[in-house]
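Colleague: One structure follows; several queries about it will come next.
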Amino acid sequence: MKQTIFDLSRPGVSGAGLRDPDFGELDPSRWFDAESLRTEPIGLPEVSEVELVRHYTALGHRAYGVDDGSYPLGSCTMKYNPKRHDHLANLEGFAHVHPRQPESTLPGLWELLFHLAECFAELTGMDHFTLQPAAGAHGELTGLMIIRAWFESRGVKRDVILIQDSAHGTNPASASMAGYRCEMIRTTPEGLTDLDALEAALDDSVAAVMLTNPSTFGLFERNIREIAERVHANGSLLIYDGANMNSLMGIVRPGDMGFDVLQLNTHKTFSTPHLSGGAGSGPCGVKAFLEPFLPVPVIRRDARGYFPDEDRPRSIGRVKSFYGHVGILIRAYCYILTCGPQGLRTASENAVLNANYVQARLSPYLPPVFGGRCMHECLLSTTKLQVSAFDFAKRLIDHGVHPPTLVGAGCVYFPGHLRDAMLVEPTETETLESLDRMIEKFLRVAREALEDPELVRTAPHTRDVGKILPSGSRDGQPAYSGPTGQPMDSERT
Ligand SMILES: *Cc1c(COP(=O)(O)O)cnc(C)c1O
Numbered sequence: 001m002k003q004t005i006f007d008l009s010r011p012g013v014s015g016a017g018l019r020d021p022d023f024g025e026l027d028p029s030r031w032f033d034a035e036s037l038r039t040e041p042i043g044l045p046e047v048s049e050v051e052l053v054r055h056y057t058a059l060g061h062r063a064y065g066v067d068d069g070s071y072p073l074g075s076c077t078m079k080y081n082p083k084r085h086d087h088l089a090n091l092e093g094f095a096h097v098h099p100r101q102p103e104s105t106l107p108g109l110w111e112l113l114f115h116l117a118e119c120f121a122e123l124t125g126m127d128h129f130t131l132q133p134a135a136g137a138h139g140e141l142t143g144l145m146i147i148r149a150w151f152e153s154r155g156v157k158r159d160v161i162l163i164q165d166s167a168h169g170t171n172p173a174s175a176s177m178a179g180y181r182c183e184m185i186r187t188t189p190e191g192l193t194d195l196d197a198l199e200a201a202l203d204d205s206v207a208a209v210m211l212t213n214p215s216t217f218g219l220f221e222r223n224i225r226e227i228a229e230r231v232h233a234n235g236s237l238l239i240y241d242g243a244n245m246n247s248l249m250g251i252v253r254p255g256d257m258g259f260d261v262l263q264l265n266t267h268k269t270f271s272t273p274h275l276s277g278g279a280g281s282g283p284c285g286v287k288a289f290l291e292p293f294l295p296v297p298v299i300r301r302d303a304r305g306y307f308p309d310e311d312r313p314r315s316i317g318r319v320k321s322f323y324g325h326v327g328i329l330i331r332a333y334c335y336i337l338t339c340g341p342q343g344l345r346t347a348s349e350n351a352v353l354n355a356n357y358v359q360a361r362l363s364p365y366l367p368p369v370f371g372g373r374c375m376h377e378c379l380l381s382t383t384k385l386q387v388s389a390f391d392f393a394k395r396l397i398d399h400g401v402h403p404p405t406l407v408g409a410g411c412v413y414f415p416g417h418l419r420d421a422m423l424v425e426p427t428e429t430e431t432l433e434s435l436d437r438m439i440e441k442f443l444r445v446a447r448e449a450l451e452d453p454e455l456v457r458t459a460p461h462t463r464d465v466g467k468i469l470p471s472g473s474r475d476g477q478p479a480y481s482g483p484t485g486q487p488m489d490s491e492r493t
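The sequence shown begins at 1 in UniProt numbering and counts up by one.
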């Protein structure tokens with residue numbers, strides 16, 4: 001039985017403490033009134049330092065990351081992050097730079113950020129970038145606020161954002177945070193934007209249409225040029241969720257497709273450790289006519305050199321303190337310079353090749369939902385098997401593979417006609433050997449699902465936490481059985 005930190009607690013035990021601080025006893029009543037002050041102890045666990053360290057180290061060993069093995073979590077681009085970029089971002093001059101240090105010491109950082117924004121602009125076909133937003137969703141929000149400010153500056157009131165029914169959940173969330181109402185556009189049976197539905201929804205209340213291409217089905221929107229024309233003819237703007245940029249680098253550019261605004265997820269496409277709450281960065285790019293609305297400051301260059309321009313009267317203001325998540329941006333810069341233009345293109349080509357390889361090899365058991373080729377991720381159906389995509393994914397854990405993203409019933413913003421599917425994104429950083437190992441594990445679970453569906457339905461069996469099932473659901477056996485056959489307790493943490 002594994003113990004929680006609270007189980008380890010014994011009254012009076014403590015690690016090293018400041019028992020005799022030389023600043024005297026703190027008296028919180030100097031700052032807080034009586035009803036704000038706690039009267040009972042908070043009940044934190046009381047353990048020694050060594051117990052605390054061992055407890056969290058043991059928890060750390062149970063975590064799973066891309067450095068442990070395949071992590072084909074669709075849409076999240078869990079590719080390997082070269083350690084060299086961490087090393088470079090941790091160089092003295094980067095790691096210890098402070099935005100409040102004398103300005104005369106900062107131009108080196110400004111130059112790096114300026115050049116990075118130029119790289120992003122070239123790669124995406126946009127004219128200007130802000131590097132401030134702290135994540136993809138934050139970049140979406142920034143872009144939508146810029147769109148709002150642009151309409152307001154022209155005295156036009158538009159309050160609707162059209163969103164694909166396949167959109168990532170952050171799209172409608174960002175739109176409503178920016179004060180918009182969302183309307184869904186359905187996808188066709190081929191998984192593409194329904195042009196008739198789009199046409200019917202376009203009226204003078206629509207500020208913008210928000211799309212990602214390739215979509216979150218892993219499909220390239222072939223009609224994107226026509227979509228852009230119709231959207232612009234309606235006086236609306238086109239905003240791009242750039243989280244899927246990993247499939248397009250050096251091949252096509254959202255700016256050339258007709259998008260006016262976009263965000264990038266540097267922590268996906270540009271190789272930065274992420275997930276589990278790690279830091280991200282969501283630079284937002286715009287076409288020239290939207291430049292005056294970018295957040296302050298914008299790093300600029302004039303005859304004297306690089307400087308942060310704060311004097312921007314039409315700016316939407318600040319969306320993040322100082323220059324954004326600089327450490328993440330430095331990693332992205334290292335990645336771009338390390339790969340170079342051809343390397344970035346090769347990365348995207350391999351991302352698409354790997355996804356198609358996985359799709360082709362799995363298709364006898366897990367056929368692609370929409371058929372045809374995919375982009376950097378494949379949407380596979382479990383309907384041929386006797387189990388749900390959810391059960392399939394949980395059984396993969398027993399075989400040591402991180403489950404893919406689940407799509408279908410129960411996912412709020414995924415279309416209802418998509419019942420049960422998995423979005424598998426192998427990424428370009430897996431070797432052929434590791435792809436083959438991962439594929440073998442998928443195939444093993446597929447065969448298990450046909451031969452012993454109950455084994456798969458009750459998975460995972462090897463983890464400390466099992467699936468919550470009605471008791472006695474497996475032929476009168478206890479619901480949970482561990483690898484050695486002993487029952488596993490659902491209360492385990
Ligand atoms: C990851 C993702 C987002 C959100 O990005 P965060 O950095 O997690 O905020 C938005 N859209 C798509 C398609 C994504 O995959």
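No residue lacks a Cβ here, since even glycine has one placed at the ideal position from N, Cα and C.
#1: For residue 536 and V326, what's the separation of their Cα atoms in angstroms?
#2: Relative to ligand 1, is the shortest distance from any of its heavy atoms to the C-beta of G218 smaller than 6 Å?
#3: Could you tell me whether the stretch 252 to 263 touches the stretch 348 to 368, where touching means 3 or more Cβ pairs closer than 8 Å?
#4: In three-state terms, what does DSSP make of Y240?
#5: Taking its Cβ as the centre, do 16 or more other Cβ atoms sit within 10 Å of G476, making it buried, or is it exposed?
#6: Less than 6 Å between C-beta atoms, sequence neighbours within five positions excluded: which residues of the same chain meet that for G305?
#7: Determine, using beta carbons only, whether N171 and M210 come nearer to each other than 7 Å.
#8: Quick check on DSSP: helix, strand or coil for Q101?
#9: Is the beta carbon of L116 sitting closer than 7 Å to the one on Y333?
#10: Is the closest heavy atom of ligand 1 to the C-beta of G136 under 6 Å?
#11: Between N354 and ligand 1, is the CB less than 6 Å from at least one heavy atom?
#12: Helix, strand or coil: which one does DSSP assign to E199?
#13: Is any non-hydrogen atom of ligand 1 found closer than 6 Å to the C-beta of H168, if you look at the structure I gave you?
#14: With L113 and I336 assumed to form a contact (beta carbons below 8 Å), what rounded beta-carbon distance in angstroms separates them?
#15: Residue range of the alpha helix (DSSP H) that Q359 falls in?
#16: What is the rounded straight-line gap between the Cα of D33 and the Cα of L26?
#17: Check whether the stretch 225 to 232 touches the stretch 174 to 188, counting contact only when three or more Cβ pairs, one atom from each stretch, lie closer than 8 Å.
#18: What's the gap between the Cα of S104 and the Cα of W110?
#19: Closer than 8 Å by C-beta to A228: which residues in its own chain qualify, once you throw out the five before and the five after it? Chain order, please.
#20: Is the separation between the beta-carbon of L265 and that of G250 shorter than 7 Å?
#21: With three or more C-beta pairs closer than 8 Å as the rule, is the stretch 357 to 372 touching the stretch 85 to 93?
#22: So, using beta-carbon positions, are A207 and F151 closer together than 7 Å?
#23: Could you give the distance in angstroms between the alpha-carbon of F220 and the alpha-carbon of P453?
#24: Tell me whether the beta-carbon of G218 lies closer than 7 Å to the beta-carbon of M375.
#25: Excluding the five sequence neighbours on either side, which residues of its own chain have a C-beta within less than 7 Å of the C-beta of V13, listed in chain order?
#26: Throw me the rounded Cβ distance for the M78 and T427 pair, which I believe falls under 8 Å.
#27: Any heavy atom of ligand 1 closer than 6 Å to the beta-carbon of A208?
#28: Sorted by chain position, which residues of the same chain lie with C-beta nearer than 7 Å to F390's C-beta, five sequence neighbours on each side aside?
#29: Might you give, ordered along the chain, the residues of its own chain that have their beta carbon closer than 6 Å to the beta carbon of V456, omitting 5 neighbours on each side?
#30: Consult DSSP for A121 and reduce its assignment to one of helix, strand or coil.
#31: For ligand 1, I want to know if G280 counts as a neighbour, meaning its beta carbon is within less than 6 Å of at least one of the ligand's heavy atoms.
#32: Grab me the residues of C284's own chain with a C-beta within less than 6 Å of its C-beta, minus the 5 sequence neighbours each way, in chain order.
#33: To the nearest angstrom, report how far apart I468 and T458 are at their CA atoms.
#34: Alpha carbons only, please: which of I328, P72, I147 and N81 is nearest the one belonging to K287?
#35: Could you check whether the Cβ of T338 sits closer than 6 Å to any heavy atom belonging to ligand 1?
#36: Going residue by residue through the stretch 118 to 170, where are the continuous beta strand (DSSP E) segments of at least 3 residues, counting only ones entirely within it?
Modeller: On the basis of the data shown:
#1: With the chain represented from 1 up to 493, any question about residue 536 goes unanswered, as that position is not in the structure.
#2: no
#3: No: fewer than three Cβ pairs fall under 8 Å.
#4: strand
#5: Caution applies to G476, whose pLDDT of 40 falls short of 50 and renders its modelled position unreliable; the model cannot decide the point.
#6: P107
#7: yes
#8: coil
#9: yes
#10: yes
#11: no
#12: helix
#13: yes
#14: With a Cβ gap of about 13 Å, L113 and I336 do not count as contacting.
#15: Segment V326 to L362, the alpha helix (DSSP H) holding Q359.
#16: Straight-line measurement puts the Cα of L26 at about 15 Å from the Cα of D33.
#17: no
#18: 11 Å
#19: L238, M257, G258 and F259
#20: For the sequence presented, residue 265 should be read as Asn rather than Leu. Not in contact: N265 and G250 (Cβ atoms no closer than 7 Å).
#21: As far as the Cβ criterion goes, the stretch 85 to 93 does not touch the stretch 357 to 372, which means the pair count is below three.
#22: yes
#23: In a straight line, the C-alpha of F220 is about 35 Å away from that of P453.
#24: yes
#25: E46, V47 and S48
#26: About 7 Å separates the beta carbon of M78 from that of T427, a gap short enough to meet the 8 Å contact definition.
#27: Outside the cutoff, so no.
#28: L406
#29: V387, D391, R395, E448 and A449
#30: helix
#31: yes
#32: T130, P133, G139, T142, G143 and Q263
#33: 9 Å
#34: I147
#35: no
#36: 128 to 130 and 160 to 164
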